[in-house]
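First comes the structure, then the notes that go with it.
Encoded structure:
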């Protein structure tokens, strides 16, 4: 999924696709979560979710802080 968003972002660009960057960061956070191994990896995952939450992403799974 991340590769698809990277392709769209690279081909289309422009303000009308501004949310693609947010979607890519969300997908990357989910991928990082699935591969996290160790405290430093989990800190990065939580930081990524926190950044998305601060950006006002609706419906985001921000419970990562509580889980990890």
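Residue numbers (the numbering used here): 65 to 132. Here a beta-carbon is modelled for each residue, glycine too, at the ideal position from N, C-alpha and C. Treat the numbers as computed from the prediction; the structure is a model and nothing was measured.
Item: Using 8 Å for Cβ pairs, my map puts residue 96 next to residue 112. What's the rounded Cβ distance?; Value: 6 Å
Item: Are the beta-carbon atoms of residue 116 and residue 87 separated by less than 8 Å?; Value: no
Item: Could you tell me if residue 103 is buried or exposed, where buried requires 16 or more neighbouring beta carbons within 10 angstroms of its beta carbon?; Value: exposed
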